[in-house]
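Everything below concerns the one structure shown next.
Okay, structure coming up:
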């Protein structure tokens, strides 16, 4: 306690603030406004109680007040944090207020905050607004301008990725596997800065079969499969001949592998049946030597931050996790079903938003993120990724008429009749069909006379 | 290839999930005047749910990062 009072420099103030778990940046900023003595009471309290940062700042702000009327950085921090506006608006507002702080008074600050809160309240969507329809229109209209071409250069070597409208359809259809699965693998520090290491890792994860390493031939003469490995391919992948030999032995317990003098491997067939020999040949050819199954090609590229990273054709998120040199935290795939399986539903929701926004942006279309967010929310509502369509969201509507109006009319009506379903006629489609006001927007409110 | 698996909760796409206390849940349901079943769902087989060891009937609080709002808190009911 005494030591603290003794130290009076601004730097000490900042240090104390950091010790009280106030963010360093904030501490740097507010140290100008406070004397150390003023801080001690607040700090002691907050250190004892382990109060959350925001709350801790509040206490500190209160302690720092000297005269009425003068606006300090602390006031801005405190008052803006307390206002009922979203985080992002808060940050922006703080930034702007700090710039004009000297011209402000407490009254003015309050007035500004009131106005901002009011404007935010007004900008909110009205209750009963048909947000789903607005979202559908907002994505549908620019969708007409999208390319219908399935393939497009992604700008990365020769890896093709489905883009444009086909990709959007793929996402909302919640396909189990995209037509062009691909991963973006970020690397751990030492690999990200070293091209050779990055390339080595690329080689390590790219799937390699025996047939990629040399020639595989079936000979009817001696009823065996002959493998001649290419020295160049072995070297490129840092593999020993013996390792490959071991891999071939993995095929089955009854496989007899024999190394012949001229570097060839002879694999004996079990019996003298021709189809057995052919089957053995196929088995040997398609034996995985190194890499991860499903990763067809890996390309090393430098990203915008100057880091080396890997782009892959094919996706295997689960297997890539835990490989040394891969920064799994920043590694993504365009296979949303895979993300849902490995990282959970919330990650899948984020992936849907990211993928859709990226696809739209790539086509030069500016769609508000909130429309896309709504779609992602609707698709992930029930804990699994559901498609928008007959087998997903639209197929689960409660109303018979609504489902029948959407697709396969007769089937829906027939089934409903069989089970004796009831339609409460509450939704939009049903209301249009029977000719009653739609319960949306102003149509959703009723006047009651008392 | 060494195995040194990172928790999936550290992945950039995964927001923070937290199991809510009974009182907190009650408060939430009262605020929106809804029943537990009206919340969005999350399966108990979800990898994140398994990691935080939430069980069926729990409500998880999810701190999402939002493009428009910066931070947004959402809730899901653990099912099956």
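Residue numbers (this note's numbering), protein chains in the order written: chain R, 1354 to 1803; chain A, 6 to 85.
Virtual Cβ for every residue (Gly too), placed ideally from N, Cα, C.
Here residue 1648 (chain R) is not near residue 1600 (chain R), since their CB atoms are 9 Å or more apart.
Residue pairing by DSSP places residue 1727 (chain R) in no beta bridge whatsoever. Annotation: residue 1608 (chain R) to residue 1586 (chain R) spans about 24 Å, alpha carbon to alpha carbon. Within the same chain, 1702, 1705 and 1706 come within 6 Å of residue 1729 (chain R) by CB-CB distance, once the 5 residues on both sides are set aside. If you draw a 10 Å sphere on the C-beta of residue 1640 (chain R), you find 16 or more other C-beta atoms in it, and that means buried. For residue 1643 (chain R), the three-state secondary structure derived from DSSP is strand. Using a CB distance cut-off of 9 Å, residue 1656 (chain R) does not count as an interface residue toward chain A.
Comparing C-alpha distances from residue 64 (chain A) to each of A:25, A:37 and A:56 shows the shortest one belongs to A:25.
Contiguous beta strand (DSSP E) elements confined to the region 1655-1719 of chain R occur at 1661-1666, taking only those with 3 or more residues.
Residue 17 (chain A) reaches chain R at 1682 and 1683, counting residues in chain order whose Cβ is nearer than 7 Å. As the crow flies, the alpha-carbon of residue 1755 (chain R) is around 8 Å from that of residue 1780 (chain R). Checking the DSSP bridge columns, you'll see residue 1592 (chain R) has no partner listed. Any Cβ of chain R closer than 9 Å to the Cβ of residue 24 (chain A) would place that residue at the interface, and such an atom is absent. Within the same chain, and ignoring the five residues on either side of residue 1553 (chain R) in sequence, the residues whose Cβ sits closer than 8 Å to its Cβ are 1591. Residue 1628 (chain R) carries a helical assignment under DSSP once its states are collapsed to helix, strand and coil.
Here DSSP, grouped into helix, strand and coil, assigns residue 1611 (chain R) to strand. Residue 1589 (chain R) has its alpha-carbon roughly 20 Å from the corresponding atom of residue 1618 (chain R). The three-state secondary structure of residue 33 (chain A), taken from DSSP, is helix. Scanning the region 1526-1558 of chain R from its first residue to its last, the whole alpha helix (DSSP H) runs of 4-plus residues come out as 1542-1545 and 1548-1558. Less than 9 Å divides the Cβ of residue 83 (chain A) from the Cβ of residue 46 (chain A). Contact annotation, residue 1682 (chain R) with residue 11 (chain A): C-beta distance approximately 6 Å; criterion of less than 8 Å satisfied.
Residue 1633 (chain R) carries a helical assignment under DSSP once its states are collapsed to helix, strand and coil. With the rule of 3 Cβ pairs closer than 8 Å, the region 1573-1586 of chain R does not count as touching the region 1655-1663 of chain R. When 9 Å is used as the limit between beta carbons, residue 63 (chain A) is near no residue of chain R, the shortest such separation being about 13 Å. For residue 1442 (chain R), the nearest beta carbon of chain A is closer than 9 Å to its own beta carbon. Per DSSP, residue 82 (chain A) is one residue of the beta strand (DSSP E) stretching across 75-84. Note on geometry: alpha-carbon atoms of residue 1769 (chain R) and residue 37 (chain A) lie some 33 Å from one another.
Using a Cβ-Cβ cut-off of 8 Å, residue 30 (chain A) is close to nothing in chain R; its nearest Cβ partner there is about 18 Å away.
Taking 9 Å as the cut-off, the beta carbon of residue 1630 (chain R) is found no closer than this to the beta carbon of residue 1561 (chain R). In this structure residue 1665 (chain R) is in contact with residue 1651 (chain R), their Cβ atoms being roughly 5 Å apart against a cut-off of 8 Å. Against chain R, the CB of residue 74 (chain A) has a partner CB under 9 Å away; the residue lies at that interface.
Between residue 1759 (chain R) and the set R:1751, R:1771 and R:1743, the nearest pair of CA atoms involves R:1743.
Per the DSSP secondary-structure output, residue 1571 (chain R) pairs in a beta bridge with R:1578. The beta-carbon of residue 1696 (chain R) is placed less than 9 Å from the nearest beta-carbon of chain A. Linking residue 1698 (chain R) to residue 1499 (chain R) through their CA atoms gives a straight-line distance of about 28 Å. If you ignore the 5 residues before and after residue 1793 (chain R), its C-beta comes within less than 7 Å of the C-beta of 1481, 1483 and 1781, all in its own chain and listed in chain order.
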